[in-house]
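Novice: My questions will all concern the structure given below.
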Amino acid sequence: MLLSKIIRTGLVTEPLNSDSTRFIEVVRGTGTEIRRHLGRALAIREVDAGSCNGCEIEISGLTGPVHDSERFGIHFVASPRHADMLLVTGPVTRNMEVPLLKTYEATPAPKLVVAVGDCAKHCGVFKGSYAVVGSVADVIPVDVFVTGCPPEPAEILQGILTAVGRLPQKQ
Amino acid sequence: MKYVLEVAQTVFALALAPLVVGFVRWLKARLQNRRGAPPWQPYFELVKLFGKEMVVSKEASWLFRCAPYIVFVSTLAVTFLVPFLFAPLPFDGVGDLLAVVYLLLLGTFFLALVGLDPGTAFGGMGSSREMTVAAIAEPTIALAIFSLALGAGSTNLGRIVTQTLGNPAAAISPGHVLAFAALFIVALAETGRLPVDNPATHLELTMIHEAMILEYSGRYLALIEWSASLKFMIFLSLLANLFVPWGVATDFTPVALAVAVIALLLKLVLLGFFIAVLETRVAKLRLFRVPELLGVSFVLALLAVTSSFLLR
Amino acid sequence: MKTLFLAMFIAYGLGAFAALVGGRKSFGRWLVALGAVLGAGAGLALGATVIATGIPFTLFFPELLPLGGGLALRLDALGAFFLVVIGVGAIPAALYGAGYTAAYKDGRASLPLLGAMFNLFLLTMSLVTLADNVLTFLLMWEGMSLTSYFLVMTEAGEERTRNAGLWYIGMTHAGLGMLLAAFLLLAGGAGSGAFADLRASAASLTSGARDAVFVLAFLGFGSKAGIVPLHVWLPRAHPAAPSHVSALMSGVMIKMGIYGFLRVALDLMGGGPAWWGGLVLGVGVASALLGVLYALMEHDLKRLLAYHSVENVGIILIGIGTGLMFHRYGLMPLAALGFIGALYHVLNHATFKGLLFLGAGSVLHATHTRNMEEMGGLIKRMPWTALFFLIGAAAISALPPLNGFVSEWLIFQSLLGGVSIPVPEVVVLMPVAVGLLALTSGLAAACFVKAFGITFLALPRSPEAAHAHESPFSMRLGMALLALACVGLGVAPFAVVPVLGTILAGLGGLPDTRAEFTMNVFLQTPSAFGQMSPTLMALGLLLLLGLVPSVLWLLRLNRQRRLSDSWGCGRVGQTARMEYTATAFAEPLKRVFAEIYRPMKELTVDFHPESKYFVQSIEYRSEITPWFDQALYRPFLQSATFVAQQVRRLQAGSLHLYLLYIAIVLILLLIVARWL
Chain Z
1132 MLLSKIIRTG LVTEPLNSDS TRFIEVVRGT GTEIRRHLGR ALAIREVDAG SCNGCEIEIS
1192 GLTGPVHDSE RFGIHFVASP RHADMLLVTG PVTRNMEVPL LKTYEATPAP KLVVAVGDCA
1252 KHCGVFKGSY AVVGSVADVI PVDVFVTGCP PEPAEILQGI LTAVGRLPQK Q
Chain L
36 MKYVLEVAQT VFALALAPLV VGFVRWLKAR LQNRRGAPPW QPYFELVKLF GKEMVVSKEA
96 SWLFRCAPYI VFVSTLAVTF LVPFLFAPLP FDGVGDLLAV VYLLLLGTFF LALVGLDPGT
156 AFGGMGSSRE MTVAAIAEPT IALAIFSLAL GAGSTNLGRI VTQTLGNPAA AISPGHVLAF
216 AALFIVALAE TGRLPVDNPA THLELTMIHE AMILEYSGRY LALIEWSASL KFMIFLSLLA
276 NLFVPWGVAT DFTPVALAVA VIALLLKLVL LGFFIAVLET RVAKLRLFRV PELLGVSFVL
336 ALLAVTSSFL LR
Chain U
33 MKTLFLAMFI AYGLGAFAAL VGGRKSFGRW LVALGAVLGA GAGLALGATV IATGIPFTLF
93 FPELLPLGGG LALRLDALGA FFLVVIGVGA IPAALYGAGY TAAYKDGRAS LPLLGAMFNL
153 FLLTMSLVTL ADNVLTFLLM WEGMSLTSYF LVMTEAGEER TRNAGLWYIG MTHAGLGMLL
213 AAFLLLAGGA GSGAFADLRA SAASLTSGAR DAVFVLAFLG FGSKAGIVPL HVWLPRAHPA
273 APSHVSALMS GVMIKMGIYG FLRVALDLMG GGPAWWGGLV LGVGVASALL GVLYALMEHD
333 LKRLLAYHSV ENVGIILIGI GTGLMFHRYG LMPLAALGFI GALYHVLNHA TFKGLLFLGA
393 GSVLHATHTR NMEEMGGLIK RMPWTALFFL IGAAAISALP PLNGFVSEWL IFQSLLGGVS
453 IPVPEVVVLM PVAVGLLALT SGLAAACFVK AFGITFLALP RSPEAAHAHE SPFSMRLGMA
513 LLALACVGLG VAPFAVVPVL GTILAGLGGL PDTRAEFTMN VFLQTPSAFG QMSPTLMALG
573 LLLLLGLVPS VLWLLRLNRQ RRLSDSWGCG RVGQTARMEY TATAFAEPLK RVFAEIYRPM
633 KELTVDFHPE SKYFVQSIEY RSEITPWFDQ ALYRPFLQSA TFVAQQVRRL QAGSLHLYLL
693 YIAIVLILLL IVARWL
């Protein structure tokens, strides 16, 4: 019964259209080195540095059948030792500052950081709160910001691919 | 000349192993109605991993740095004994099925030790669970070997293949079928597939094999991942070629070898398809239900031996 | 050969003398060790000569002990093999002991007594293998038991040791009683105690008498070897003794039980009905499985190793049992295979168990604790001990290309050959034995991952472990010798198996199989059932181990390495409290085998007096049910104590009552004498 439903549904993956790139801000350009190394196979470790989980829900849509990040060779891993890229969300709260640093330290080089969401860029609605340290860029070096509250899965995917150099970089 | 072919066979198996794993992953993606990565994705991953730096824990010892090589070498050594393409192998007398089992246990032993080395709780948990599953799967493997050896009159792999080729009726005997079922369940357990262990899980508390390698990165991780896919291919090839050996070349003519390659690929595709469907259909078992599953496989193996013997 | 024998005798004697005279000083301890090494070496040479030349060595003193037929000594191939085993085990242990016994200088134990008893222990054990009549055998057996009792009681200051000594002496004498009965029955038909006469007249005994002799000998020798349910003294006595003595007791003395059993069952009685082999096989399987199951739950390192000795004796008995069964059905090559596997395992166990106990002793020496839960991180502080212990652990887990794999392979092959037995009911039991042997093997591997991993890896769990120091040179030398033996026996079985075949030739009618199971560097079983070569496997593994890193280096791949903290999900700092414990490691297996263990759990949580939301302390106790102690020994001991208490009433302490007893008994005797 399950198999018949699978067959009836067919492939639902949507192709990625690269025109909505206005939410992507590139901080550091991607060298050919990184593109060569990580272009085809990317392992991502997602770090929630104090977010409201809105961005997490959008990110979890990435591995689903509609957006399917795996077709670009992207897969999520549990340990930063296995990861090439950190996908950071949320304003960095005081409690998560050291864990975020440790996660970055645990990741082997060459590595990238993509910060997702307005909170990651400039603390969003939590700006100025006593519990918040600052933007992700204040704690670890960021390569690409994907702004939005929360950004759509397609935009996050484009941000990741831009960081890896698979999409042409704007600005 | 034969030895050159043997080495070529090993290189072929080593090269094919990531493709087998990638193929199963691709099929699972398609069964989840998504496009998925192409079947040759694991090659990109291996190349990438070999290019990354290795981060080593301060608490780890020399064992941590040596174990990936030991695991890789022991699995590679097994490929010299498995009849992927032709039988009997020139190295057939060096090790029989029992030697294969214990060589694989050598890899598991060191991997489990290394899970304990960095002093993390997840690593210890992975080691503990891995050794539990490995220990409980041992009797089934031994009995499956017994049943095969009964039929073929030898525990050496080459001889088992040639005997079954010469006696086709034996392949559909109840002993053979039951032993296949038992060994299939054990293969799932030993290579960390569902329903025993989810290879794609991110939840540490559900991991068995992944938990032991959480600390590895770079070249070490590449070697371990490659050994894992090699082990998967070894088990699938054993299931294919010991029980359904048609296609395995018995002489070294180019035609026979080409047929052997095609036959092996066909059998691997079939088995891979079956495993992908099984993994999509079935949920992961709770850890303490796994001994029940392995107990079922033990009973199947016992029945296999008894029926093999009684129907001789 | 006579010179070798005299050398052995004198060396041990001088060693004992040196101990009594100067045992406490450093050179005195080295003299003791030297005496033991020379004596064991002479014994090893004597045994090797007998095996190589095939000429037995005899020595007969009819004037000594005239009542029992004199002191008769004869070393044939079987005894020579066990003498070689003694030598292989004793030389490293004695060297190790030279350094280890330095710890007793503080007066905890009597060094003169320790040194003297050590040498006498080795001497009496060697003479057991040489004994050629009943009285000599039993005398030397008792000497071996008594000297080892004194060795066990070395640290008599501890309650646990005294308890262990009591159990040991009680059980060994119970065994002696059974042996006496067995030999008396056996000698009853022959009229004399000489083994040659016993062998000749064994066939003329009634089958009932033969069965009785077999069972009594099995139980008597088995209690020394450590079969289940007579194993309860092992986990108490072996940990209590000093480590080099434990290595000898576990590696060598237990094998004297195997030797005696083989001598009686195979040599003197020449085999018997199939149920003999079946009984041995069944008890072997039970001992192997229960031994490893109890070992898994132990976190006292030496008790764990003691339970593993029970397991390995079980494996040896599996080999002997299959051998006896094949012997009964006339399948001689297969019978020889079974016995060869068992004898190989005897030698292997002596090496790897000796190595493991010496390693455990080093750890105990450095950390002053046997509890695994207080160790950790020792691989960095004691690298050599860790390496040797790892070799021992890999060997006992039967990992190729070390020696445990070879003997287990041989035993597996002999079990697989069981399909040739013409009785279907018996054959159906063989797969069960195969399965359980495989399970034992897997569980042993799991247990040693735990033992090595928790003891040596990760972070130290106590200040003693954090400040552990490497062992002195003599201790490392002893361990290194045994590690080399483990590797050598694993890589060159093609040299050992023919020798074992020659040893078995002629015993109980077994053929000479010296050329049957080997072919160049390959091992093979009859009718080419199985073939393998650990030598080539080892070569291949070494080659690949050199090839793979070289290829990766040539490809100029990223070789950068960076040290960092262990990944702990971003936590700050790492302590020893965060790592896995031995109890936790074995917990899944405890749950799986809960029916056998019947674990009892006790959890006490103390809340803060002011608030129920804060916990002050948590106490967790988990115990497994010791079946044999509870179901078998406790009722027996309770009833024995009860009977003894009743009898005690007769000894009221009054002189008049005792005089009355004498008078009554005298009158009764006179009446009885008048009657007869």
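Protein sequences appear in the order of chains Z, L and U. Under this note's numbering, think of the first position of the first sequence as 1132, with each following residue one higher. Under this note's numbering, think of the first position of the second sequence as 36, with each following residue one higher. Under this note's numbering, think of the first position of the third sequence as 33, with each following residue one higher. Ideal Cβ positions, reconstructed from N, Cα and C, are used throughout, including at glycine. Computed from a predicted structure; not experimentally measured.
Can you find the residues in the same chain that come closer than 6 Å, C-beta to C-beta, to L:Ala102, ignoring five residues on each side of it along the sequence?
Specialist: To locate residue 102 of chain L, count along the second sequence from 1; it is residue 67. Around L:Ala102: Phe145, Val149.
Novice: Any idea what DSSP makes of U:Asn165, helix, strand or coil?
Specialist: Working through the third sequence from its first residue, we reach residue 165 of chain U at position 133. U:Asn165 falls in the strand class under three-state DSSP.
Novice: To which residues of the same chain is L:Asn233 closer than 7 Å at the C-beta, ignoring the five residues directly before and after it?
Specialist: Position 198 of the second sequence, counted from the start, is the residue given in the question as residue 233 of chain L. Excluding sequence neighbours, L:Asn233 sits near Thr241, Lys319.
Novice: For U:Gln556, write down the residues that DSSP places opposite it in a beta bridge.
Specialist: Against the third sequence, residue 556 of chain U aligns to sequence position 524. U:Gln563, per the DSSP bridge assignment.
Novice: Label U:Thr35 either buried or exposed according to how many other C-beta atoms from any shown protein chain fall within 10 Å of its C-beta, with 16 as the threshold for buried.
Specialist: Here residue 35 of chain U corresponds to residue number 3 of the third sequence, with the count starting at 1. Burial call: exposed.
Novice: Comparing the C-beta of L:Asp232 with each C-beta of chain U, is any distance below 7 Å?
Specialist: Translated into the one-based positions of the second sequence, residue 232 of chain L becomes position 197. Output row for L:Asp232: interface = no.
Novice: Measuring alpha carbon to alpha carbon, tell me which residue in U:Arg231, U:Leu692, U:Met414 is nearest U:Leu300.
Specialist: As a working mapping, residue 300 of chain U is identified with position 268 in the third sequence. The option with the nearest alpha carbon to U:Leu300 is U:Arg231.
Novice: Output needed for U:Ala213: all residues of its chain with C-beta closer than 7 Å, excluding positions within five of it in sequence on either side, in chain order.
Specialist: Here the question's residue 213 of chain U lines up with position 181 in the third sequence. Only Leu248 meet the Cβ criterion.
Novice: Comparing alpha-carbon positions, which option in L:Leu192, L:Gly71, L:Lys93 lies nearest L:Val113?
Specialist: Position 78 of the second sequence, counted from the start, is the residue given in the question as residue 113 of chain L. If we check each option's Cα against that of L:Val113, L:Leu192 comes out closest.
Novice: With U:Phe526 as the anchor, note down where its alpha helix (DSSP H) starts and where it stops.
Specialist: One-based indexing of the third sequence puts residue 526 of chain U at position 494. Per DSSP, U:Phe526 belongs to the alpha helix (DSSP H) from 525-536.
Novice: Hey, does Z:Ala1209 have any beta-carbon neighbour from chain L nearer than 7 Å?
Specialist: For the purposes of this step, residue 1209 of chain Z is identified with residue 78 of the first sequence, where counting begins at 1. Interface residue, yes.
Novice: Run through DSSP, which three-state label would Z:Leu1133 get?
Specialist: Residue numbering aside, residue 1133 of chain Z sits at position 2 when the first sequence is read from its first letter. In this structure, Z:Leu1133 counts as helix in the three-state DSSP scheme.
Novice: State the start and end residues of the unbroken beta strand (DSSP E) segment that holds U:Leu635.
Specialist: Counting from one through the third sequence, the residue named residue 635 of chain U turns up at place 603. Per DSSP, U:Leu635 belongs to the beta strand (DSSP E) from 632-639.
Novice: Hey, out of U:Thr613, U:Asn151, U:Met507, whose CA is closest to U:Leu328's CA?
Specialist: Counted from its first residue, the third sequence places residue 328 of chain U at position 296. The shortest C-alpha separation from U:Leu328 is found at U:Thr613.
Novice: Which term fits L:Phe287, buried or exposed, when burial requires 16 or more other beta carbons within 10 angstroms of its beta carbon?
Specialist: Counted from its first residue, the second sequence places residue 287 of chain L at position 252. Exposed is the call here.
Novice: Tell me which residue opens and which closes the beta strand (DSSP E) that Z:Leu1218 is part of.
Specialist: Taking the first sequence and counting its residues from 1, the one referred to as residue 1218 of chain Z is at position 87. That run of the beta strand (DSSP E) goes 1216-1220.
Novice: For L:Ala64, I'd like the list of residues in its chain whose CB is within less than 6 Å of its CB, leaving aside the five on either flank, ordered along the chain.
Specialist: Walking along the second sequence from the start, residue 64 of chain L turns up at place 29. Around L:Ala64: Gly71.
Novice: So, does the region 329-340 of chain L touch the region 463-471 of chain U, judging by three or more C-beta pairs under 8 Å?
Specialist: Short answer: they touch.
Novice: Can you name the residues of chain L whose CB is closer than 9 Å to the CB of U:Met610?
Specialist: Within the third sequence, numbered from 1, the residue matching residue 610 of chain U stands at position 578. By Cβ distance, chain L contributes Gly154, Thr155, Ala156.
Novice: When the cut-off is 7 Å and only beta carbons count, does U:Ala497 lie next to chain L?
Specialist: The residue labelled residue 497 of chain U in the question sits at position 465 within the third sequence. Closer than 7 Å: no.
Novice: Is it buried or exposed, L:Ile289, if we count other Cβ atoms within 10 angstroms and call 16 or more buried?
Specialist: Your numbering for residue 289 of chain L matches position 254 in the second sequence. One point to set straight first is that residue 289 of chain L is Pro, not Ile, in the sequence displayed. It is exposed - the Cβ of L:Pro289 has fewer than 16 other Cβ atoms within 10 Å.
Novice: Tell me where the alpha helix (DSSP H) around L:Gln198 begins and ends.
Specialist: By one-based count along the second sequence, residue 198 of chain L stands at place 163. 192-201 is the extent of the alpha helix (DSSP H) around L:Gln198.
Novice: Could you name the residues that DSSP lists as bridge partners for U:Asn403?
Specialist: Here the question's residue 403 of chain U lines up with position 371 in the third sequence. Per DSSP, U:Asp332.
Novice: Give the DSSP-derived three-state secondary structure of Z:Glu1145 in the structure shown.
Specialist: Against the first sequence, residue 1145 of chain Z aligns to sequence position 14. DSSP places Z:Glu1145 in coil when its eight states are reduced to three.
Novice: If the criterion is Cβ atoms closer than 7 Å, does the pair L:Gly210 and L:Glu88 meet it?
Specialist: The residue you call residue 210 of chain L lines up with position 175 of the second sequence. The residue you call residue 88 of chain L lines up with position 53 of the second sequence. Contact: no.
Novice: For L:Gln82, report the span of its alpha helix (DSSP H) as first-last.
Specialist: Translated into positions along the second sequence, residue 82 of chain L becomes position 47. Checking the sequence, you will find Val at residue 82 of chain L rather than Gln. Unbroken alpha helix (DSSP H) run through L:Val82: 76-85.
Novice: Among all the DSSP beta bridges, which residues are the ones paired with Z:Ile1205?
Specialist: For the purposes of this step, residue 1205 of chain Z is identified with residue 74 of the first sequence, where counting begins at 1. DSSP lists Z:Leu1173 as partners of Z:Ile1205.
Novice: For Z:Val1267 and Z:Val1223, what's the separation of their Cα atoms in angstroms?
Specialist: Here the question's residue 1267 of chain Z lines up with position 136 in the first sequence. Here the question's residue 1223 of chain Z lines up with position 92 in the first sequence. Roughly 6 Å between the two C-alpha positions.
Novice: According to DSSP, is U:Leu708 helix, strand or coil?
Specialist: Mapped onto the third sequence, residue 708 of chain U falls at position 676. Note: U:Leu708 maps to coil in three-state DSSP.
Novice: When we look at the beta-carbon of L:Ile259 and count the other beta-carbons within 10 Å, is it buried (16 or more) or exposed?
Specialist: Here residue 259 of chain L is taken as the residue at index 224 of the second sequence, counted from 1. It is buried - the Cβ of L:Ile259 has at least 16 other Cβ atoms within 10 Å.
Novice: Is the beta carbon of L:Met160 less than 7 Å from the beta carbon of L:Ala214?
Specialist: Taking the second sequence and counting its residues from 1, the one referred to as residue 160 of chain L is at position 125. Taking the second sequence and counting its residues from 1, the one referred to as residue 214 of chain L is at position 179. Their beta carbons are not under 7 Å apart, which means L:Met160 does not touch L:Ala214 by this criterion.
Novice: How is Z:Thr1238 classed by DSSP in three states: helix, strand or coil?
Specialist: As a working mapping, residue 1238 of chain Z is identified with position 107 in the first sequence. Correct three-state label for Z:Thr1238: coil.
Novice: Against chain L, with Cβ distances strictly below 7 Å, would U:Arg242 count as a contact?
Specialist: Counting from one through the third sequence, the residue named residue 242 of chain U turns up at place 210. So, not an interface residue.
Novice: Would you give the residue range spanned by the beta strand (DSSP E) that U:Asn655 belongs to?
Specialist: For the purposes of this step, residue 655 of chain U is taken as the residue at position 623 of the third sequence. Checking the displayed sequence, the identity of residue 655 of chain U turns out to be Glu instead of Asn. U:Glu655 -> beta strand (DSSP E) spans 647-655.
Novice: Assuming L:Thr45 contacts U:Gly562 under a Cβ cut-off of 8 Å, what Cβ separation, rounded to an integer in Å, is found between them?
Specialist: Along the second sequence, one-based indexing puts residue 45 of chain L at 10. Along the third sequence, one-based indexing puts residue 562 of chain U at 530. Not really, about 22 Å apart at Cβ, beyond 8 Å.
Novice: Take every Cβ of the region 84-94 of chain U, pair it with every Cβ of the region 508-518 of chain U, and state whether three or more of those distances are shorter than 8 Å.
Specialist: Not touching, per the Cβ criterion.
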